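Take a look at the structure below.
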Amino acid sequence: MAAGNRGRRGIVTHLLQVVILGLLLGGVYALMASGLTLMFGVMRIVNLAHGVFIIAACFVAFFLFQGPGWDPFVSIAVTMPLFFLIGVGVYTALFPRIEGSARFTEMTVLLTFALALIAEGLLSYFFTGTVRSTDPSYKTDAILLGDFFIPTAQLLSSITSLVLLIGLWAFLYFTRTGYAVRATMQNRTAAQIVGVNVRRVSTISFGIGMALAGASGSLISFLFPFFPARHWQWIAILLALIVLGGLGSLKGAVVGALLLAVAAGIVSDQFGPTWSPMTFFGALFLILLIRPQGLFGHQARVG
Amino acid sequence: MTQVEKRESADIPVSLSPQESAPKRSRYLVAGVVTLVLALLPLARPLIGQPFNYVMQMGIVGLMWITMSSSWNLIGGFTGYISLGHNVFFGIGGYATGLFLLYFGWSPFLTAPVAGLIAVAFGFLFGLITLRTRGPSFIISTIALLLMTGLIFDNWDLVGGSNGLSLPLPPFAIEVLKIPFYYAMLVIAIGSVYLGYRVAHSKFGLALRAIAQDETKAEVAGIDTRRMKIAAFSISAFFVGAAGAIWGYSLSYLRPTVFFIIGVAAQMVLMVIIGGRGTVAGPAVGAILLVSLNEISVSQFGSSEINIVITGVILLIVLLFFPLGVVGTLREKGRLPSFLDWD
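These protein sequence lines are chains A and B, in that order. For the first sequence, the numbering used here puts the final residue at 1793, and the numbers step up evenly by one. For the second sequence, the numbering used here puts the final residue at 464, and the numbers step up evenly by one.
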């Protein structure tokens, strides 16, 4: 393959190949992170349970694949609405109770931490900690494009992510509810004054965030092997990523995801896949040193 | 007492009035008796008989968690900055003394304070980077710190990677093997509770509580909030590191999964919240309650999965319905026994 080619051209080709693979995964990271950052942007909720819900969606996709034999992409039609509903339920059950609390964000961290522990424990109890993944027929296929090979599964999932992200963008920019969501993100109190039903907007936004988690679960189910305790690594990566982009910034989440996925690909290529999560943590500490508010964040946002 | 009761019920149990009127003498008596009983407990070996080692082990575990929760309380309770990666210091302490023992033959009983200082140094460095921001970024970076450290220790040959290091047992007879660990942990636990008490009644503690209530106002009032936060964070690492040293030695092997799992951090958070955030006695109360509960739940259900679920459910219930914890709730109702009232 390209790497075997010792020439300079070979090195460039190899690097480009790594970048392509990184960008393809970055699309999926962006999907996961956008749900998380939306929740923070609209409601100032840091959802530590985002990762565990992604894993839960992996299980849904897995059993739909094992049982009725549904393709993971088809299972999105189930995971998205299902996790939207779960999100609406979780939001309604937990967050209105602590609304108006002076340290709201901190409370949401603790509450979702508890939620993550419960969900992780239940998943491990019922499905054990076995490492699983769905195996659609195209899982190991690849398209050859000149010198580059493009794995079909990664390509399809990043296209799907892109479509969903465009859908999210269209919702935010071209629907009335979308306007209300953006208004709430900009200034919650002002939005309330001009007549936005902030509670409803928050519930819907949380549901959408969770729906995106559900969809990404379907995609993750064949891209990465999963087991319940894996969610800590996911949530750490995703949180690092949205801090990099600027908490609550959707643009930041997408840019951060693409940037870090490529960086992680390069690290993985140079030092081995074990160290690729280090990219995210290293980037987090670096950004806190040089630009604490993140790439697209606003100055000093008190939680 | 009267003044403490009248405190406005803020969202977090923070008292800005540490000036209590004439503390009751009885609480010193109770504290003295408890300390004495704990100190003399190993002497009762002939009386306890067979389950002696079990009693000692429970003592070690209980005192360890009292240390962990009291230390976490300095940053998570008084200052209001939640750290989900505090067990990193626990692990750093354990590994530091383990390496001292393996490479230089120094006993962890002697190097435990050094382990504490190493933990403080790491805490300082980490605080320097992450405490520049306020709010959620700090919490997020503590999670990242935990996973990052776990990853490094899992893959670092010097510390044995994920297989870990096995340590030689101390040269004591098996019947009395636990006693030195027990005493070491007792000293550490008393130190950490005393530290919490001293901080609560100092100007430093007042500054931390001010930060917890309103950081902007605290800053306007002339408090160097960043320095205070970094100080609180790094000081809170000391006893956690020392406890890690003793705990690792008592297990006689060090593995990343003993120290660097989020479950350890979850327990610390839960104990402090159950007991009462920002109170002196709360963390110890929470630790005792939770250690007992874990003991029961492990013997009842056996599986650690159920244990995780129980931990989560309790955390959820306490947060939603008793956010002040045991000590805070009792105080609000005016029913706090004086031996628990150290604020």
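Just so it is clear, CB atoms sit at the ideal spot from N, CA and C, and this is done for glycine as well. Quantities reported herein were computed from a predicted structural model and do not represent experimental measurements.
- A distance below 9 Å separates the beta carbons of F1770/A and L1750/A.
- Distance between M189/B and I1756/A, taken at the CA atoms: about 39 Å.
- Segment contact: the segment 230 to 249 of chain B against the segment 197 to 217 of chain B, three or more CB-CB distances shorter than 8 Å; contact assigned.
- Taking a Cβ-Cβ cut-off of 7 Å, the neighbours of T254/B in chain A comprise L1778 and P1782, given in sequence order.
- In this structure, DSSP gives P292/B a state outside helix and strand, which the three-state scheme calls coil.
- Taking all protein chains shown into account, G1704/A has 16 or more neighbouring C-beta atoms within 10 Å of its C-beta and is therefore buried.
- In this structure, the CA atom of L1652/A is about 29 Å from the CA atom of L268/B.
- For R1587/A, the closest Cβ of chain B is nearer than 9 Å.
- For A305/B, the secondary structure class from DSSP, reduced to helix, strand or coil, is helix.
- DSSP, read as helix, strand or coil, puts L205/B in coil.
- Contact between the segment 1562 to 1577 of chain A and the segment 1692 to 1704 of chain A is present: 3 or more CB-CB pairs across the two stretches fall below 8 Å.
- Counting only residues of its own chain and dropping the five nearest sequence neighbours on each side, I1588/A has a CB closer than 8 Å to the CB of F1594, M1597, T1598 and L1601.
- For the segment 426 to 438 of chain B, the residues whose beta carbon sits under 7 Å from a beta carbon of chain A are, in order, E426, I427, I429, V430, T432, G433, V434, L436 and L437.
- For G1735/A, the closest of L1662/A, I1510/A, R1498/A and L1528/A by C-alpha to C-alpha distance is L1528/A.
- Segment contact: the segment 165 to 185 of chain B against the segment 329 to 341 of chain B, fewer than three CB-CB distances shorter than 8 Å; contact not assigned.
- In chain order, A1726, L1729, A1730, F1770, F1771, L1774 and F1775 make up the part of chain A whose C-beta sits under 8 Å from the C-beta of A265/B.
- Going by DSSP, I435/B is part of the alpha helix (DSSP H) stretching over S425 to F442.
- Excluding sequence positions up to five before and after G198/B, its CB lies within less than 6 Å of the CB of V393, R398 and G399, all in the same chain and listed in chain order.
- Membership of L1513/A in the alpha helix (DSSP H) is indicated by the continuous run R1498 to M1533.
- With at least 16 other beta carbons inside 10 angstroms of its own, I395/B counts as buried.
- Residues of the segment 1570 to 1601 of chain A with a C-beta atom less than 8 Å from some C-beta of chain B are L1584, R1587, I1588, S1591, A1592, R1593, T1595, E1596, M1597, V1599, L1600 and L1601, listed in chain order.
- The DSSP assignment places complete alpha helix (DSSP H) segments of no fewer than 4 residues inside the segment 335 to 378 of chain B at 336 to 341 and 346 to 372, in order along the chain.
- Following the DSSP letters along the chain, one finds F1638/A inside the beta strand (DSSP E) bounded by residues F1638 to P1641.
- In this structure, DSSP gives L220/B a helical state, which the three-state scheme calls helix.
- F1716/A carries a strand assignment under DSSP once its states are collapsed to helix, strand and coil.
- M389/B is outside the set of residues whose beta carbon lies under 9 Å from a beta carbon in chain A.
- CA-to-CA, the gap between V1564/A and I196/B works out to about 47 Å.
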